[in-house]
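**Q** Got a structure here, written out as structure tokens. Questions coming.
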Amino acid sequence: MTASFTSDPSAKSLATSATSKLSRQHRAWIALYSLYSGEWNLADALRLNEVTEADLAEFEASWMRLRFRHMTTSIVA
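Per UniProt numbering, the sequence shown runs over residues 1 to 77.
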């Protein structure tokens, strides 16, 4: 799930409704992906996904494993 949010006030409600249904791990993964891709800066990634830097640190290793598994699957296929 990726989305681009602007400073439009309705964007915050969209972000809140989208992220409130996801687990903290999934929200951290989305934030990590958005940071890696350069889509958002750190402050926006944390705010829009309602996670902390500690959450990112906690789930970074599992996110890296997920990305590595996806990359190797893509290469083999």
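We put the beta carbon where it would ideally sit given N, CA and C, even for glycine.
Computed from a predicted structure; not experimentally measured.
Which residue marks the beginning of the alpha helix (DSSP H) containing N41, and which one marks its end?
**A** Careful: N41 lies outside any alpha helix (DSSP H) and carries neither H nor E.
**Q** Considering only residues of the same chain and omitting the five flanking positions on each side of S34, which have a CB-CB separation below 6 Å?
**A** Only W40 and A45 meet the Cβ criterion.
**Q** Note down the Cα distance separating E53 from S23, rounded to an integer number of angstroms.
**A** Rounded to the nearest angstrom, the two C-alpha atoms are 16 Å apart.
**Q** With 16 other CB atoms within 10 Å as the buried threshold, where does F68 fall?
**A** Exposed, because fewer than 16 other Cβ atoms sit within 10 Å of the Cβ of F68.
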